[in-house]
Amino acid sequence: MHSTRLTAALATAALSALILTGCAAGAGEAGAGSSAPAASTVTIDDNFGSIEVPVKPGRVVALDNTVFQTLSDWNIDLVAAPKGVMGTAWPKWVDNKKVLDIGDHREPDLEKIVEADPDLVIGGYRFGSYYDEIKKLAPNTIEINPRKDQDVISELKRQTDILGTIFDRKTDAAALTGALDTSIAEAKSAYDGTGTVLALIVSGGKIGYVAPVTGRSLGLLYPTLGLTPAIDQAAENTSHGDDLGPEAIAAANPDWIVVLDRDGGFGEEGYVPAKDVLQNAEALKNVTAVQKSQVVYADPSFYLDEGIQSYTRLFSDLGSAFAAAK
1 MHSTRLTAAL ATAALSALIL TGCAAGAGEA GAGSSAPAAS TVTIDDNFGS IEVPVKPGRV
61 VALDNTVFQT LSDWNIDLVA APKGVMGTAW PKWVDNKKVL DIGDHREPDL EKIVEADPDL
121 VIGGYRFGSY YDEIKKLAPN TIEINPRKDQ DVISELKRQT DILGTIFDRK TDAAALTGAL
181 DTSIAEAKSA YDGTGTVLAL IVSGGKIGYV APVTGRSLGL LYPTLGLTPA IDQAAENTSH
241 GDDLGPEAIA AANPDWIVVL DRDGGFGEEG YVPAKDVLQN AEALKNVTAV QKSQVVYADP
301 SFYLDEGIQS YTRLFSDLGS AFAAAK
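Residues 1 to 326 (the numbering used here) make up the sequence shown, in order.
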């Protein structure tokens with residue numbers, strides 16, 4: 001009897017030791033990070049505060065043009081998008097019938113968001129007036145587009161960092177923000193500090209003036225790069241630019257002209273490229289920027305996108321042009 005109890009006690013002790021040993025080994029593996037499960041959600045700060053969102057969401061609706069190129073490059077599938085404002089820049093979504101069409105920001109079909117049953121909705125500034133309505137339909141809606149009262153460059157980097165966190169692409173996000181910083185630094189270094197610059201937006205065959213700082217898309221070039229404006233005055237229409245005739249441009253005689261072709265990415269019938277508009281203006285023939293071929297055109301899809309890649313490309317193009325002129 002005594003022998004039986006002793007044998008049982010030893011067996012129990014051995015089993016306990018085995019269990020403890022196994023637990024210790026398991027704890028060591030988890031501590032090394034080899035078997036710890038990945039987080040399923042993450043808390044980010046969007047334009048309205050802290051919100052918990054899924055990591056690597058499977059069903060994504062995106063309304064913000066400034067994130068489209070990043071999502072495209074990262075091979076993120078969309079279940080719904082506003083095809084009416086996407087032009088010809090992202091055919092893999094626009095031409096895909098499986099991607100539901102929310103339309104454009106003038107008359108959006110918001111019920112398509114509900115139909116898409118998204119894990120995450122990325123709102124955007126063009127749809128900003130519908131935010132409350134969209135939030136009611138899809139509580140998992142975030143807005144991370146550049147805020148109006150903040151520096152656009154910093155906001156684009158913030159937006160990219162948030163996307164990197166959500167989609168587990170932090171290394172890729174860091175590469176994008178790093179490339180933007182590099183392009184800015186190189187353009188600032190290449191600029192001679194004195195050449196006058198005039199930013200223009202061309203739409204419907206008409207030339208518009210982009211005011212320094214406040215003007216659509218190109219206004220931020222002046223403070224970011226320390227550019228000297230050829231015309232330094234406020235604009236009534238900061239979105240599409242005040243009308244500016246060729247004669248007024250000739251009178252300002254800028255050393256450099258930077259041009260945003262507003263219609264370039266839409267592929268509409270009868271479209272006249274901005275380059276043709278400027279080259280066919282007789283009054284501009286003797287302008288220094290034209291004479292010296294110092295006219296830099298933003299990519300035709302810039303107006304559609306206005307994202308971190310577009311600005312990186314534009315700063316890079318400006319840097320190359322400034323360097324070549326030295």
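Glycine included, C-beta positions come from ideal geometry on N, C-alpha and C.
These numbers were taken from a predicted model, which means no experiment stands behind them.
Collapsed DSSP secondary structure at residue i in the structure displayed
i	result
Asp299	coil
Leu382	With the chain covering only 1 through 326, there is no way to say anything about residue 382.
Leu227	coil
Glu52	strand
Asp45	strand
Asp242	strand
Extent of the continuous alpha helix (DSSP H) to which residue i belongs
i	result
Pro246	Pro246 to Ala252
Leu278	Ala274 to Gln279
8 Å CB neighbourhood of residue i in its chain, flanking five on each side removed
i	result
Gly307	Asn65, Thr66, Val67, Phe68, Gln69, Thr70 and Leu156
Ser310	Gln69, Ala298, Asp299, Ser301 and Phe302
Ala185	none
Glu115	Ala80 and Leu100
Pro223	Pro212 and Val213
Residue i versus residue j: straight-line alpha-carbon distance, rounded
i	j	result
Asp255	Val277	19 Å
Asp95	Ser301	17 Å
Thr165	Asp232	40 Å
Ala252	Ala230	6 Å
Thr214	Glu282	29 Å
Pro108	Leu137	13 Å
Ala235	Asp117	42 Å
Pro146	Gln279	34 Å
Leu163	Arg169	8 Å
Ala80	Thr228	43 Å
Trp93	Arg59	14 Å
Leu100	Ile51	26 Å
Asp242	Leu78	36 Å
Tyr191	Gly265	28 Å
Ser239	Ala211	10 Å
Asp149	Thr88	30 Å
Lys206	Lys97	35 Å
Gly195	Asp151	24 Å
Leu244	Tyr209	6 Å
Glu111	Lys135	12 Å
Ala274	Gln291	17 Å
Residues near residue i by beta carbon distance below 6 Å, same chain, minus five either side
i	result
Pro57	Asp119 and Leu120
Glu143	Asp46, Asn47 and Gly123
Val295	Ile257 and Ala289
Leu180	Ile308 and Thr312
Gly84	Gly103 and Asp104
Tyr125	Asn145
7 Å Cβ shell around residue i - same chain, five flanking residues per side excluded
i	result
Pro54	Ser40, Thr41, Asp119 and Leu120
Thr160	Thr70, Ala173, Leu176, Thr177 and Ile308
Ala62	Phe68, Leu71, Leu78, Ala81 and Ile122
Leu221	Ala199, Leu227 and Val258
Residue i, enclosing beta strand (DSSP E) - first and last residue
i	result
Gly355	The chain is shown from 1 up to 326; residue 355 falls before or after that span and cannot be answered.
Thr288	Taken as a continuous stretch (DSSP letters only), Thr288 belongs to no beta strand (DSSP E), being part of the alpha helix (DSSP H) at Thr288 to Gln291.
Starting from the N-terminal side, write out each stretch of the beta strand (DSSP E) that is 3 residues or longer and does not extend beyond the region 160-225.
-> For the region 160-225, whole beta strand (DSSP E) runs of length 3 or above, ordered along the chain, are 196-203 and 206-209.
Taking only runs of the beta strand (DSSP E) that begin and end inside the region 102-166, which ones reach a length of at least 3 residues, in chain order?
-> Qualifying beta strand (DSSP E) stretches, in chain order: 120-123 and 141-143.
Entirely within the region 58-90 and at least 4 residues each: give me those alpha helix (DSSP H) ranges in chain order.
-> The qualifying runs are 65-73.
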